[in-house]
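Chains F and W, in that order, are what the protein sequence lines are. For what it's worth, numbering that gives the first Met the number 0 labels the leading residue of the first sequence as 0, then goes sequentially. For what it's worth, numbering that gives the first Met the number 0 labels the leading residue of the second sequence as 0, then goes sequentially. Ideal placement from N, C-alpha and C gives every residue a C-beta, glycine not left out. These figures come from a predicted structure and were not determined experimentally. Quick notes on the structure that follows.
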Amino acid sequence: MDKYDVIVIGAGNGGLGAACRILNAGKTCLVCEKHNIPGGFATSFVRGRFEFEASLHEFNGIGTPEEPGSTRILFEQLGVADKIEWIQLKDAYHLISEAEGYDYVMPFGWEAFAKANNQLHPDGEKYINEFFALCQQIREAMAYIGETKGRPDPAVMMEKYPDYLACGSYSVNEAFEALGYPKEIVDNLNTYWCYLGADGNNLSFLHYANMIYSYFSKGAAIPKYRSHELSLAFEERIHELGGDIWFNSEVVKILTDEEGHVCGIRLKDGREIAARHVIANCSPHVVYGKLLDSEAVPERALKLTNFRKLAGRGFTVFLGISKSAEELGLKDHNYFVYDTTDNVKQYESMKKIGNTAAQATVCLNNADPDCSPEGTCIIYMTTLFTDDAWSSVDKEDYFKLKNKVAADMIERFEKATGTNIHDYIEEIAIATPETYARYCGHPQGTVYGYESQYYDGLMSRIQMVEEDRFVPGLRIGGGYGERLLGFPSSYKSGVNEAGRTLRDMEKEGR
Amino acid sequence: MAFKKSNIPGEDIRLATEMTAKRRKLIDETPAAPLVYEYGVNRLAKDLHPGFVKAVIAEKTPCSADCWRIRLEPAAGEAFPYFRAGQFVTLSCRAGESFLSRPYSVISSPREALEGKLEIMVQRKGIFSTFLIDEAAAGTELIAGEPSGDFYFDSIRDRKHIVAIAGGSGVTPFLSMMKAIREGSEDFRLTLIYGARTRDHIPFDPEKFRGEGVEVIVVLSEEEAEGYRHGFITAGLLKEYIDCDTSVFMCGPDAMYRFVRGELESLGFDETKIRQERNSVGDREVSEIKAFRLIVHIRDAVYELEATNNETLITALERAGIPAVVRCRNGVCGFCHSRVVNGEYFIAKENDFRRSADKKFNYIHPCSTYPESDMEIDIPIMNP
C-alpha cells in the first residue's frame, strides 16, 4: 500500500504511542523509523554477558494493577499494559551531596517519605504533608483542566484550586521561597531536578511539583526486560492492530500540496508514500529545519523554534561489573551524587566538559537481582551537559575524551560511596551527546527535548498547543511536545497528538 | 494552606493568567532566522558513523601461503571514518546470483583510514574470500559498513599491558593496534604472541612492527628457526609475558581459543580479563538435512525461498540474492534484528546475544539462527 491515513515519523515513545492511538481508532498507519529497532532512547544493548538499559532510570505513574497510575491507565487504553512486566522500586533514592554533607536514603510513599524528612528537620513531616496537600490540589486542577479540554470554568478554578492559580507563574525557587520551608527540606525536595534538567530559577513549579508528588507518593517501577520491552510491546500492538513499521527507513522529506497541506513523505531511498496526516516524533528543529521545504515553513514556526532552548545533552557510562552489588557494598538502586544541591550552580558547572557536578547512578541489580549473571552487577551513571560543550571535539580526540569524562564519573561515584568499582569492570560502554545524536538524530545530542524555561513550561505549552502548530496535517509529538521530556510524558504527548490528528480528520471529513 | 508570594492582593493569580500572553510576546520578538541545518555534535556523529561507505579495491597482495592483503579506497565523494584499532568492516557486493556480506578486521591504523586507506586481510576460507581472492580485482566496487565491534583497547576496562594472542588472519586487529600505538592514536603496551605452522604461514613481517611499546613473539609449530619460538602457545610460554597488569586479547580459530583458555586457567589468570574476537557462525551439523519454506517480508515486499536446517537464515537469504542487512555474522551486534511472524528455529546458546525482550517477543538475529520448520520473518531493509 502506498497510501496511509497517517504516517508517523520515528518509532520513539511518542511515535509508538501515537501509532497505537491512530490504529485503535480504525485508521491505517505506517511508522517509519531510521534505526533498525523501535524505541528511540527506550532500548537496551548487549555487551558480553550483560544487557544494559539505554536510558530509563525509573518510570513514574505506573502504580499497581489495583491502584493504577496515569501511565498504566494510558497503556491499558492502548492495549499494551498486559504485555509489560513491571518491577516496583523499594526506595526513592540515595542522595549524596558533598557541599552540605548529605548522605541519606529516602523511601517511596507519602507517609514514609514525610516521616523520613524528620531526620533532616524536626518538623520535616509537617512540611512534607503541607507540600503534598498543595501538590494534590495541583494534580486535581490539572485533571480538571484536562477534563474540560483546556477550557476550565474560571469560577470553579478560583473556588476549588486557588493555590494552583496562585503558584501558577512561579519557578521552583520562587515557589519554595514563598513556602518558606527550611533549607534541608527544600534541598531534599530538589533532588529530582536532574530528571527535568532545568535549574530551579527556570523550571516551572507546577510541573516539578506534579512530577515529584507522583514519584514520592505513588512510587516508581522499571520494566523487567529493560525499556526494550516497552518498545517491543508497542510494536507487537501495532502489528496486532494491522499497522506497519518500517525500519532502516529514514524520512527525509514531509511533502505538502499546493494548499500547504501535508500530502505524504519521502524516504531516504527516494520512495514516496502518500498520507494527509503526519505525526512527527522528532524535534521541531528537524521538522522545520530539514524535513519541510523552506517555503512550507511559516515565519512564526521559525520564531517559535528559535525561541526555544535545547535541553540537556546526555552522557552515560554503562558498566558490567564482575562482582555482585553486595560484594561492592552497594545497597541502593538509585543514587544521586551531587557537588551541591544548589541546582543553579550545578546547572552552570554542567555547561563545560571537565566537571562532574551531578550524576544519577543506577545499580540495576538492587531492583532486579536477576538482571545479570550471579556474582556480577550492572551500574550506569548519567550526567547532562547544559550547553553545546561537545560540538567542537575533534574526531581524533573524541574516544580519549569520552573515556576521561567516564573515568572521572566512576572515580567520583567510588569516592562518594566508598566502593572500588574500576578493578572489576568487565564491560564498558560510553554514550556521549554524539551517541544520542547518532541514534536519534537530536540536535546537539539532547536527550531532554526543549528545556523547561520560565515562559516555556508545561502549562503555557499545554494552553498554547493549537497556537504552536502551523502546517495543516502535521503534528509534532514526543519528548519535544507540550508535556515535555520523560518516558510517561513522551508517550502521553504522542497519544495526545494522535487524538488531535483524529479530530483534524473528523473535521476534514465533515 | 494558602499559597501566597506577593503581598499585593490578586498579584499571584494575575501573573499566572499572563503567562501565555508573555510567551506569545517573546515568540513575536524572536527573529525568524533560518534554523541550523547541522550541529557540530551531529556532524561528528555522522563522520564517525557514516553507516555505509562505497569503496573500491585499490590493490591486492598475497602475504602468506593462504592470506591476501586487500587495500580499499573510498569511492569518489566518499570517505572512511576514524575508528578504534581492532574493529572490523563488513564488505558486501553482488557475486553472481548471490548478495554476499562478510566482516573483515582492519589492518590499517585509524589515521590511515582518514588518509583514505583501509586495508584488510583475507584468508582463503569460504565463498566470499574466494571471490575476493580469485575474482575481485583492482577497481571492483564494494560496500563497506562502518568500522564496528568492541574488540579494541579500552583505557578504563583493560590493563595497560595487552598480551595479544593470534593465529591465521586473526593477527589483523593487532596489526592495526600496533600501528596505532606507533602513530600515537593508542596508548598501551602490546605483546603479540602469534602462532603459525611455518614461516611461510606468517602473513606479516614481525620486524616491521617491533618497536617502543610493541613486542612480537612468533611461535612455529612445524618448524624450528632462529628468532622464533617452537611449539605451541602454552602456559609456560604465556607465563613469561603475563604480568599483574595484563589483559589478554585473542583472535584466531576456535580451537586456539579453547587451548589457550585452558592454559590461562592453569595459570590462574582472571578470565574476566580475557577478550576474544568472535568468529562467524557457520553451518551446523545435522543428522538429516531438511529444506523449509521461508517467507520474508521487507517493508511491503514479500519473498519466498528455500532454507535448510544446516544453514543460518542469513545464508539462505544471501543465496537467494536478497540484500539482507547483516554486520557481525556471529549473533552479537543485532544489526540484522528481525521479527519472527511464525515458525520454529534454533540458536546455539553460545551465539545467542539477543536482548531479553527479544526472546520474550520472538525476535531473532538471522545471522545466528537456523530454521527448524517453515518460517515467516520480517527483516529490515538494506538501505545504504
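Give the interface partners of residue i over in chain F, defined as CB-CB distance under 7 Å, in chain order.
i                : result
Arg83 (chain W)  : Phe398
Phe334 (chain W) : Asn35
Identify whether residue i lies in helix, strand or coil by the three-state DSSP scheme.
i                : result
Pro202 (chain W) : coil
Glu111 (chain W) : helix
Tyr207 (chain F) : helix
Met380 (chain F) : strand
Glu371 (chain W) : coil
Cys92 (chain W)  : strand
Ala497 (chain F) : helix
Arg328 (chain W) : coil
Phe173 (chain W) : helix
Arg527 (chain F) : Nothing about residue 527 (chain F) can be read from this structure; chain F reaches only from 0 to 509.
Gln86 (chain W)  : coil
Leu34 (chain W)  : coil
Arg101 (chain W) : strand
Leu293 (chain W) : strand
Residues of chain W with CB closer than 8 Å to the CB of residue i, please, in chain order.
i                : result
Cys166 (chain F) : Phe2, Lys4, Asp11 and Ala15
Asp162 (chain F) : Met0, Ala1 and Phe2
His421 (chain F) : Ile155
His284 (chain F) : Leu34 and Val35
Distance cutoff 7 Å, beta carbons only. Does residue i sit that close to anything in chain W?
i                : result
Tyr454 (chain F) : yes
Val45 (chain F)  : yes
Arg307 (chain F) : no
Lys302 (chain F) : yes
Asp268 (chain F) : yes
Gln462 (chain F) : yes
Asn526 (chain F) : Missing from the structure shown is residue 526 (chain F); chain F here goes from 0 to 509 and no further.
Pro432 (chain F) : yes
Gln443 (chain F) : yes
Trp109 (chain F) : no
Glu326 (chain F) : no
Tyr287 (chain F) : yes
Using alpha carbons as the reference points, say which of the options lies closest to residue i.
i                : options                                   : result
Asp81 (chain F)  : F:Ala165, F:Ser69 and F:Pro64             : F:Pro64
Val285 (chain W) : W:Glu239, W:Gln275, W:Pro370 and W:Thr245 : W:Pro370
Val162 (chain W) : W:Lys359, W:Ala31 and W:Phe268            : W:Phe268
Lys511 (chain F) : W:Met0, W:Lys45 and W:Leu25               : Within the shown structure, residues of chain F are numbered from 0 to 509, placing residue 511 (chain F) beyond reach of any answer.
Val339 (chain W) : W:Glu310, W:Ser372, W:Lys348 and W:Ile321 : W:Ser372
Met177 (chain W) : W:Gly281, W:Val218 and W:Glu111           : W:Glu111
Val251 (chain F) : F:Gly241, F:Tyr287 and F:Glu234           : F:Tyr287
Asp153 (chain W) : W:Gly138, W:Ser355, W:Asp186 and W:Lys124 : W:Asp186
Val285 (chain F) : F:Asp1, F:Val5 and F:Gly9                 : F:Gly9
Phe131 (chain F) : F:Met408, F:Thr27, F:Leu29 and F:Ala208   : F:Ala208
Gly226 (chain W) : W:Ala234, W:Ile216, W:Ser220 and W:Thr233 : W:Ile216
Gly62 (chain F)  : F:Lys125, F:Ala428, F:Arg71 and F:Tyr160  : F:Arg71
Which chain F residues sit within Cβ distance under 8 Å of residue i?
i                : result
Lys359 (chain W) : Tyr224, Glu228 and Leu231
Lys21 (chain W)  : Tyr454
Arg156 (chain W) : Ile424, Glu425, Glu426 and Ile427
Ser184 (chain W) : Glu395
Along chain W, in chain order, which residues have C-beta atoms closer than 9 Å to that of residue i?
i                : result
Asp387 (chain F) : Tyr38, Gly39 and Val40
Val392 (chain F) : Gly39, Val40 and Leu43
In chain W, what lies closer than 7 Å to residue i by C-beta?
i                : result
Met458 (chain F) : Met18
Tyr169 (chain F) : Lys4
Please check if any C-beta of chain F sits within less than 7 Å of the C-beta of residue i.
i                : result
Ser355 (chain W) : yes
Asn382 (chain W) : yes
Ile288 (chain W) : no
Phe87 (chain W)  : no
Thr271 (chain W) : yes
Pro8 (chain W)   : no
Counting only C-beta atoms, is residue i closer than 7 Å to chain B at any point?
i                : result
His200 (chain W) : Annotation note: the requested chain B is absent from the structure, which comprises protein chains F and W.
Residue i versus chain F: which residues are under 9 Å apart at the beta carbon?
i               : result
Asp65 (chain W) : What Asp65 (chain W) touches in chain F: nothing, since even the nearest Cβ is about 31 Å away.
Below 6 Å, is the gap between the Cβ of residue i and the nearest heavy atom of the ligand FMN?
i                : result
Lys114 (chain F) : Here there are no bound small molecules, and the ligand FMN is not part of this structure.
- [ ] Quick one: which unbroken alpha helix (DSSP H) runs of 4-plus residues sit fully inside the region 107-158 of chain W? Chain order, please.
- [x] Within the region 107-158 of chain W, the runs of alpha helix (DSSP H) at least 4 residues long that lie entirely inside it are, in chain order, 109-113 and 126-129.
Task: Uninterrupted alpha helix (DSSP H) stretches inside the region 224-258 of chain W (no shorter than 4 residues) - done: Here the runs fully enclosed are 234-240.
Open item on the list: Quick check on the DSSP output: what are the complete alpha helix (DSSP H) runs of length 4 or more inside the region 252-291 of chain W, in order along the chain?
Closed with: If we require 4 residues or more, the alpha helix (DSSP H) runs fully inside the region 252-291 of chain W come out as 253-265.
TODO: Tell me the start and end of each unbroken alpha helix (DSSP H) in the region 89-166 of chain F that is at least 4 residues and wholly inside, in chain order.
DONE: Inside the region 89-166 of chain F, DSSP marks whole alpha helix (DSSP H) runs of 4 or more residues at positions 109-115, 123-146, 153-159 and 161-166, from first to last along the chain.
- [ ] Pick out the complete alpha helix (DSSP H) segments inside the region 189-249 of chain F, 4 residues or longer, and give them in chain order.
- [x] Correct list: 204-217 and 225-239.
TODO: Scan the region 290-320 of chain F and note each continuous alpha helix (DSSP H) run of 4 residues or more that stays entirely inside, going in chain order.
DONE: Runs of the alpha helix (DSSP H) inside the region 290-320 of chain F: 298-306.
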